[in-house]
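The numbers in our numbering rise by one with no breaks, and the one at position 228 of the sequence shown is 249. Think of the CB as a built atom: it goes at the ideal place given N, C-alpha and C, for glycine as much as any other residue. Predicted model, so just to flag it, every value in this text is computed and none were measured. Here's the structure we're looking at; comments come further down.
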Amino acid sequence: MTSTEVRPPGPKGRWLVGNTLDYDRDRMGFLRAGHERYGDVFSFDERTIVVRDPDLVHELLIRTNDDFSSASSAVATRFEARTDAETARAWMTARRAGWRGLNRATVIAHTARLRALFERTLDDTGGRAVDVMPLMETYSGRAAADFCLGPDADGIAEVVAENTAAIEPLSGSSQLFPEWFPSRAIRRFRRARDATLDAITTRIHRRRTPHPPDQPRDLLDVLLAAREPEMRELQVQRLIRGILLAAYGVPAASMTWTIHTLVTHPDLWDRVAAESSAWDGDDEPPLSALPQTEAVIREVLRLWPPTWLMGRTAVRPTTLGDWRLSTRDAAMFSPFLLHRDPRWWPDPDRADPDRWLRGETPRKHAYLPFGAGPRVCVGTQLGMIQLTLGAFWLTRNYRVAAPDAAACAPEFHNLLVPQGFRASFTRV
22 MTSTEVRPPG
32 PKGRWLVGNT
42 LDYDRDRMGF
52 LRAGHERYGD
62 VFSFDERTIV
72 VRDPDLVHEL
82 LIRTNDDFSS
92 ASSAVATRFE
102 ARTDAETARA
112 WMTARRAGWR
122 GLNRATVIAH
132 TARLRALFER
142 TLDDTGGRAV
152 DVMPLMETYS
162 GRAAADFCLG
172 PDADGIAEVV
182 AENTAAIEPL
192 SGSSQLFPEW
202 FPSRAIRRFR
212 RARDATLDAI
222 TTRIHRRRTP
232 HPPDQPRDLL
242 DVLLAAREPE
252 MRELQVQRLI
262 RGILLAAYGV
272 PAASMTWTIH
282 TLVTHPDLWD
292 RVAAESSAWD
302 GDDEPPLSAL
312 PQTEAVIREV
322 LRLWPPTWLM
332 GRTAVRPTTL
342 GDWRLSTRDA
352 AMFSPFLLHR
362 DPRWWPDPDR
372 ADPDRWLRGE
382 TPRKHAYLPF
392 GAGPRVCVGT
402 QLGMIQLTLG
412 AFWLTRNYRV
422 AAPDAAACAP
432 EFHNLLVPQG
442 FRASFTRV
């Protein structure tokens, strides 16, 4: 093989529809079979390759915003394609401003409010058996709204929930449609998107004041206080919306898998419960005080990464490894497959939190629960705090019953979730 290779081999697919039908019938099975037959890189179609090599995945991610775009709008619009580079620059500027400005006091204040949100969400079920994923979406939506907008968060979670629901049927399709396409689903998407942006803009205008708070209360305070030339209102608006949408589904799926893992592995529940009951501090514990719980969370994210499939699009003719890519060609990869590759992980399908406590270093670039490179998940640190404390509060204060949990199969759709997982939560 030389650098002049144009396309890797791959399944030929069916007439007219290519591999789309076979992929949609069994997404993970299709990807596994492709890698088993063709190796770490294979062609899905004439414009898309699928990658499993950790170094190539890392290269793809660190070249994002340069040779590759991470744009993933459910509706393909010329405007979004035209402004992707501008959005990327604004995103990076906001990240620098945001995470530099969020001090420890701000995070501590958020986690204190987070506990109240978590307990309210579980207590509102009244001990009845409920679908866990929608319940955790409610919690995650409230938590993200509090983190981004603090005292102005009321009503935001509901608007974001509708926006997310409007995106799902479009992003769940293997096809992309232009925004002008005469479709009820696309009209709903436009209405929900505009309603979310309007709600955020209203709160930005409400927050602008000649007398800002001495310390930032939330992310919006930080962004409005930033003295960055690119941080115009439009960029603040888009960044807040992006975080609210991302923080609605992914953390919810992560927390759902955490609950599922704890109830299906009583030994792990006991381990986390012992650590939570031993804490006697007045404030919420730092992660350093919860090594067992944090190890369980890291293992849950290895086994069940909610964003199980990711991708990038070439913005110019380029190469990835030995393969040429033309403008608008796509490269996809699955963190789920990276995390369960026996070449990099001993006994990869077993839940073993001790692998994180033994001082073993995972194979470089083979653990990507939050992505990597310049567009790495901006809430990585906050996400670990929320998940670890969620497990802490759960095992400390609740009894969970989920008799059918072990029978819940993983569903590889927009997010990776345990299909049909129901549980009841009772105070102890």
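Can you list, in chain order, the residues of its chain whose CB lies under 7 Å from that of residue i, leaving out five sequence neighbours each side?
{"i": "Ser355", "result": "Leu52, Trp329 and Leu330"}
{"i": "Gly31", "result": "Gly55, Tyr59, Phe63, Ser64 and Phe65"}
{"i": "Thr132", "result": "Glu305, Ile406 and Leu410"}
{"i": "Arg384", "result": "Pro75 and Trp365"}
{"i": "Val27", "result": "Arg345"}
{"i": "Arg99", "result": "With a pLDDT of only 35 at Arg99, under 50, the local geometry of the prediction cannot be trusted, and the value read off the model is given with reservation. Within the same chain, Arg99 has no close Cβ partners at all."}
Compare the Cα-Cα distances from residue i to each of the options and report the closest residue.
{"i": "Thr17", "options": "Ile221, Asp219 and Asp242", "result": "An answer regarding residue 17 cannot be provided, because it is not within the stretch 22 to 449 covered by the chain."}
{"i": "Leu77", "options": "Ser91, Val62, Tyr44 and Thr69", "result": "Val62"}
{"i": "Trp36", "options": "Ala54, Asp47 and Asp66", "result": "Asp66"}
{"i": "His281", "options": "Asn40, His56, Pro29 and Ala430", "result": "Ala430"}
{"i": "Glu140", "options": "Leu341, Arg420, Asp425 and Gly441", "result": "Arg420"}
{"i": "Asp74", "options": "Ser90, Gln258, Trp365 and Glu432", "result": "Trp365"}
{"i": "Ala427", "options": "Asn435, Thr416, Ala444 and Ala412", "result": "Ala444"}
{"i": "Val438", "options": "Met154, Arg212 and Ala335", "result": "Met154"}
{"i": "Pro312", "options": "Arg209, Ala174 and Ala412", "result": "Ala412"}
{"i": "Ala335", "options": "Asp303, Asn86 and Gly50", "result": "Asn86"}
{"i": "Arg333", "options": "His386, Ser90 and Val71", "result": "Ser90"}
{"i": "Pro367", "options": "Gly404, Asp343, Arg323 and Leu403", "result": "Arg323"}
{"i": "Leu358", "options": "Pro390, Thr416, Gly342 and Arg149", "result": "Pro390"}
{"i": "Asp370", "options": "Val321, Gly148, Phe442 and Gly34", "result": "Val321"}
{"i": "Glu432", "options": "Tyr269, Pro326, Pro383 and Thr447", "result": "Pro326"}
{"i": "Ala267", "options": "Ser309, Thr185 and Arg228", "result": "Thr185"}
{"i": "Arg361", "options": "Ala247, Pro29, Met49 and Ala187", "result": "Met49"}
{"i": "Leu156", "options": "Gln258, Glu57, Gly270 and His79", "result": "Gly270"}
{"i": "His386", "options": "Val72, Asp47, Leu42 and Arg28", "result": "Val72"}
{"i": "Arg417", "options": "Gln440, Thr447, Arg379 and Phe442", "result": "Thr447"}
{"i": "Asp288", "options": "Leu308, Ile264 and Thr314", "result": "Thr314"}
{"i": "Ile188", "options": "Glu381, Gly263, Gly302 and Gly148", "result": "Gly263"}
{"i": "Arg68", "options": "Asn40, His79 and Glu80", "result": "Asn40"}
Going along the chain, which residues of its own chain have a beta-carbon closer than 8 Å to the beta-carbon of residue i, five neighbours each way excluded?
{"i": "Arg452", "result": "The shown model of the chain, from 22 to 449, leaves out residue 452, and the question about it has no answer."}
{"i": "Arg238", "result": "Thr127, Ala130, Gly171 and Pro172"}
{"i": "Arg103", "result": "Interpretation of Arg103 is limited by its pLDDT of 40, a score under 50 that renders its predicted location unreliable; the figure taken from the coordinates is listed afterwards. Once the five neighbours on either side are set aside, Arg103 has no close Cβ partner at all."}
{"i": "Val38", "result": "none"}
{"i": "Arg224", "result": "Leu170, Asp173, Ile177 and Leu241"}
{"i": "Glu254", "result": "Thr222 and Ile225"}
{"i": "Leu245", "result": "Ile225, Arg228, Arg229, Pro233 and Val257"}
{"i": "Pro338", "result": "Arg345, Leu346, Ser347 and Thr348"}
Please list, in chain order, all residues of the same chain as residue i whose beta carbon is under 6 Å from its beta carbon, the five residues on each side excluded.
{"i": "Arg134", "result": "Asp167"}
{"i": "Arg319", "result": "Trp377"}
{"i": "Pro395", "result": "Reliability of the predicted coordinates at Pro395 is poor, the pLDDT of 46 falling under 50, and the value obtained from them is presented with this limitation in mind. Excluding residues within five positions, the ones whose Cβ falls inside 6 Å are Thr85 and Asn86."}
{"i": "Val180", "result": "Ala216, Thr217 and Ala220"}
{"i": "Glu183", "result": "Ala213"}
{"i": "Val284", "result": "Val421, Ala423 and Ala426"}
{"i": "Lys33", "result": "none"}
Looking at the unbroken beta strand (DSSP E) that takes in residue i, where does it start and where does it end?
{"i": "Gly332", "result": "Met331 to Ala335"}
{"i": "Glu305", "result": "Note, Glu305: premise wrong, no beta strand (DSSP E); not H, not E."}
{"i": "Thr159", "result": "Taken as a continuous stretch (DSSP letters only), Thr159 belongs to no beta strand (DSSP E), being part of the alpha helix (DSSP H) at Val153 to Leu170."}
{"i": "Phe354", "result": "Ala351 to Phe354"}
{"i": "Val78", "result": "Element bounds for Val78: not the beta strand (DSSP E) but the alpha helix (DSSP H), Pro75 to Ile83."}
{"i": "Leu241", "result": "First-last for Leu241: Leu240 to Ala246, but that is the alpha helix (DSSP H), not the beta strand (DSSP E)."}
{"i": "Ala422", "result": "Tyr419 to Ala422"}
{"i": "Trp344", "result": "Trp344 to Leu346"}
{"i": "Leu341", "result": "Thr339 to Leu341"}
{"i": "Thr69", "result": "Thr69 to Val72"}
Locate the alpha helix (DSSP H) running through residue i, then write down its first and last residues.
{"i": "Thr314", "result": "Pro312 to Leu324"}
{"i": "Trp278", "result": "Glu254 to Thr285"}
{"i": "Thr452", "result": "The chain is shown only over 22 to 449; residue 452 falls outside these bounds and no answer can be derived."}
{"i": "Ala387", "result": "Counting along the chain, Ala387 falls outside any alpha helix (DSSP H), and DSSP gives it neither H nor E."}
Looking at the C-beta of residue i, does it have a partner C-beta in chain D at a distance below 7 Å?
{"i": "Phe51", "result": "Here there is only one protein chain, and chain D is not present."}
Taking one C-beta from the segment 142-161 and one from the segment 261-279 each time, how about it: are there three or more such pairs within less than 8 Å? yes
I want to know whether the segment 341-357 touches the segment 365-383 - three or more CB-CB distances under 8 Å. No, they do not touch.
Taking only runs that begin and end inside the segment 40-65, name each unbroken alpha helix (DSSP H) of 4 or more residues, in chain order. 41-46 and 48-59
Whole runs of the alpha helix (DSSP H) within the segment 425-449, excluding any shorter than 4 residues: none
Could you tell me whether the segment 283-296 touches the segment 212-220, where touching means 3 or more Cβ pairs closer than 8 Å? no
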